[in-house]
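Participant: Have a look at the structure that comes next, please.
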Amino acid sequence: MHKKLPLFTILAAILMAALMVAPVLAQAVPSVSVSNQLILGHAVRINSVYSAGPGFVVIHQDGGGQPGPVAGQHAVNAGWTYNLEVEIDSALATPTMFAMLHVDDGTVGVYEFDGASGLDNPVSVNGSVVTPSFTAELLHAHDQFLAGDTVTIATVVTQQAGWLVIHAGDANTFGPVLGQTQIQAGTSNNVVVSIQQDGRTPVLWPMTHVDTGAVGQYEFGIVEGADAPVVILGEIATLPIWTVPHIRAYGQASLPGDGQVASNVFEVESVLAQVPGFLVVHNEQNGTFGPVAGFAPVPAGLTEELSIPIDPAVATPRLWPMLHVDDTTVGQYEFGTVQGADAPVLVNGEILTLAVNAAPSLVVHDQSPLTGEAGGTVRFRIDEAVIDAPGWIAIHTDANGQPGPVIGTVLLAPGRTTDILVEVDGAGAGARVFPMLHYDTGVIGTYEFGTVDNTDNPVFVGGNVVVVPLGLTGETAAPAVPTTAPVVAPAATEAVVAPPAATEAIAAPPAASAACSVSNAANDVNLRSGPGTNFPVQAVLGVGQSIPVTGQTTGSDGQWWQVSSGGFVRADVVQTTGDCSAIPTVDTSGLVPPAAPAAPPPPAATQEVAA
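Per my numbering, residue 707 is the first one in the sequence shown, and the count goes up by one each step.
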C-alpha cells in the first residue's frame, strides 16, 4: 500500500522541480507583490497581482522555510489586481507566510489544487514559482461576554516573545491595563488572560507588547522604555472587542451599481447577543433606520458570517442592521405586529444599530497630503471603496466645483477595499480632487474611459454617479466608515492611535455626568422617527429603561424630546431625570412623515397616553 504524502510535501516537490505550469505572456509577467504587515483580524493585504488568466492568490504557512499548508486563498481575474485582501484562518497563520500565485483551470472560482489532479497548479516564471514570502504580526479576537475574570483571545502571531496585554477603553481608544500574560514567539491560539475587576469597561483592547526589560517581568509604565507596544509602520498591534451585545458589519455591495446583478443578501461579520433574537436589516429613511428590508434569527452568544436575504428592489443604498430580542413566539419576528414583542436591544440607552454602505460607494475625509515618491507628486488616502465588479477609482481635478480631467487611477478588486494610498501630480491636484468609481469593462487593467467608446464608464447608483469631493488643504474629522460601533452614529475606523507613554499613567475614561435623560415606569413607550404620532415607530423604550436626551421640539400635539438614538418621544408620557434646563431646541422642519405606513403598524397600546 502506498503512503499518501501530505499536500505541502507534494507542493514542496513541485517547487523544487520548478515546473512551468502556466504560460507566461511575453507582454506581461505573472507576479505577486506583498509587504511585511500587521494583521488585525484575519485578512492578508496583497499590494498587487498580475495573472495571465483567471487564478488564485494562495496564502501558505511557513513549512520550514518553504510554503507549507494553505491558510487561505482568493480568486483573481486575468490582468492586474490591486489592494487585494485575502481572508485566512488566523489559527493557521505563522510569523512568516508565502503568497503564491496559482492558475484556475478547473471549476472556475473553486480552488482545487491537491498535487495529484493536475488542477490549479502554481504559476512559475523562469523556472521559479511565483511565491514571495512576508512576515506578519497578527492579532485576532472576538467579541465575547466575560465569564469570570478572564478574556480569551483567538490568535496571536508574533516574531518574538512578549506580552499580550488587555487594556480598558472605549470604542475609539485604549486606556489603563487590566491584565497581561506572556506569549512565546510564533502562533498562540485561544490565549486566556486574567483581568482585574476594577476599571473594566464594555470595550476592551487586547494589545501585544515586546519583552525588552527583565525577561518575564511586565515593566511597561514602570521601567522607562521597557516592554513597549508592538508598532508596525506606525500602527499599534491592538484592536477593540466588545463585552456587551454588539454588531460587526462592513461596507459591501449588497445592492449593485445601475445595470449590474444584485447579490440579494446583506452580510454581517458577527453578532454578539445576550439572548436569542433577530438581526433585522432596516432601510434608511430620513437619515436613520426605517422599514425592514430583511431579517434572520440569531442564537444567544456569538454568531459569525451571517447572511440575511434582502429584496434589492426595495432596499436602500445604506442599510441599518439592528439587533432585536425574540421574546414572544419563538422564531417569529413580531415587532410592530404584536404589542411589546421583539423590541430592539439597547446598550447604554442606545439602540444597537449602525449605518452600513450597501452599494458601490466611496468614503473620504479632507486631509493634508503627503509628499509623493516621484518628483512633484502628492499622496493622500481614500478610506473606503466598495464596488461590485472589477473597476477603478479615477482621480479627477476640480473644475469650478465639478469633476474635471483625470490625473490618476487606482485599480479595484470587487468588494471592499480600505486605506487606499493614491499618488498624483501635485500641481494638478491643487486644493481639491474628486475621486470617482468606474467599472473596468474594456481591456482589463487599462483605463480607457474617454478614449474608447462606452468603455470603463462611471458607476451609477440610483441614477447618480458615485463621486465625492476630497479637500487637500488640511485635516477634518475622521470619516464615518461604518463598521462595528453599537451606536447610531458609529465611530470611525482605520484611526491609528498613538502608543501610551511608558512613563506616565493612562487616565481612565471620564465618569458619566448627570445629564438629562427620560424613562418610564408604567408602560412601554414608542420612540418615533419624528415629533408626532404620524411618524413611524423606530423602537420601544421598555418599562424601567432610560435613554439620554439630546434635544427638544414642539410637535402638533405638544412637546417632544429627541433622544440619543435619534428618535423622538412625547414629553407627557415619560419622566425626566438630571438637568434638562439647557437641552437645545432642534429644527425638525425637514422631517416629513410618510404619506402611508411603509411597515406593519406599531403596537397600539398606551405609548402616547399620558400617565
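Glycine included, C-beta positions come from ideal geometry on N, C-alpha and C.
Would you call the region 1023-1041 in contact with the region 963-981, where contact means no fewer than 3 C-beta pairs closer than 8 Å?
Facilitator: yes
Participant: Excluding the 5 residues preceding and the 5 following F1001 in the sequence, name in chain order all residues of the same chain whose CB lies nearer than 7 Å to its CB.
Facilitator: F984, L985, V986, V987, I1014, Y1039
Participant: If we require 4 or more residues per run, which alpha helix (DSSP H) segments fall completely within the region 953-983?
Facilitator: none
Participant: Would you call the region 1155-1167 in contact with the region 1123-1141, where contact means no fewer than 3 C-beta pairs closer than 8 Å?
Facilitator: no
Participant: Would P1050 and L1058 be called neighbours here (beta carbons separated by less than 8 Å)?
Facilitator: yes
Participant: Give the DSSP-derived three-state secondary structure of S823 in the structure shown.
Facilitator: coil
Participant: Pop quiz: V755 and T787 are said to be a contact at Cβ under 8 Å. What is the actual Cβ separation, rounded to whole angstroms?
Facilitator: 5 Å
Participant: Keeping to the same chain, check which residues put their C-beta closer than 7 Å to that of V1070; ignore five residues upstream and five downstream.
Facilitator: Correct list, in chain order: I1088, D1089, P1141, V1174, L1176, P1185.
Participant: Grouping DSSP H, G and I as helix and E and B as strand, with all else coil, what is V1298?
Facilitator: coil
Participant: Once the 5 residues before and after L945 are set aside, which same chain residues still bring their CB inside 8 Å of it?
Facilitator: L746, G747, L845, A847, W911, P912.
Participant: Does the Cβ of P1109 have 16 or more other Cβ atoms within 10 Å, making it buried, or fewer, making it exposed?
Facilitator: P1109 should be labelled buried.
Participant: For E990, does the count of other Cβ atoms within 10 angstroms reach 16, so buried, or fall short, so exposed?
Facilitator: buried
Participant: What span of residues does the alpha helix (DSSP H) with T1135 cover, start to end?
Facilitator: One point to set straight first is that residue 1135 is Ala, not Thr, in the sequence displayed. Residues 1132-1135.
Participant: Just to confirm my understanding: we take S900, look at its own chain, exclude 5 residues before and 5 after, and list those with CB closer than 7 Å. What are they?
Facilitator: D855, T856, G885
Participant: Within 10 angstroms of its Cβ, does T1199 collect 16 or more other Cβ (buried), or is it exposed?
Facilitator: Any reading at T1199 must be qualified, since the residue scores a pLDDT of 26, below 50, and its modelled position is unreliable; the value itself is stated next. Buried, because 16 or more other Cβ atoms sit within 10 Å of the Cβ of T1199.
Participant: Once you ignore the five residues that flank A874 on each side, which residues in its own chain have a CB closer than 6 Å to its CB?
Facilitator: Result list for A874: G881, P882, L884, G905, T907, in chain order.
Participant: Could you give the C-beta distance for V1379 and V1130, rounded to a whole number, given that I count them as a contact under 8 Å?
Facilitator: Only positions 707 to 1317 of the chain appear in the structure, and residue 1379 is not among them; the question remains open.
Participant: I think T861 touches P801, with their Cβ atoms under 8 Å apart; what is that distance to the nearest whole Å?
Facilitator: Approximately 12 Å separates the beta-carbon atoms of T861 and P801; this is outside 8 Å, ruling out the contact.
Participant: If you run the structure through DSSP and keep just helix, strand and coil, what is S1074?
Facilitator: coil
Participant: According to DSSP, V776 sits in a beta bridge with which residue or residues?
Facilitator: H766
Participant: Decide if G735 is buried, meaning its Cβ has at least 16 other Cβ atoms within 10 Å, or exposed.
Facilitator: Before going further, note that residue 735 is Val rather than Gly in the sequence given. That one is exposed.
Participant: So P1120 packs on D1094, CB below 8 Å; how close in whole Å?
Facilitator: 6 Å
Participant: Report yes if the C-beta distance between H1102 and V1139 is below 8 Å; otherwise report no.
Facilitator: yes
Participant: Under the three-state reduction of DSSP, which class applies to S796: helix, strand or coil?
Facilitator: Per DSSP, reduced to three states, the secondary structure at S796 is helical.
Participant: Comparing alpha-carbon positions, which option in V750, S1223, N970, L1012 lies nearest I953?
Facilitator: L1012
Participant: Indicate whether L744 and L978 have their beta-carbon atoms separated by less than 8 Å.
Facilitator: Contact flag unset, no.
Participant: Please report how far the alpha carbon of I859 lies from the alpha carbon of D964, in whole angstroms.
Facilitator: Answer to the nearest angstrom: the Cα atoms are 42 Å apart.
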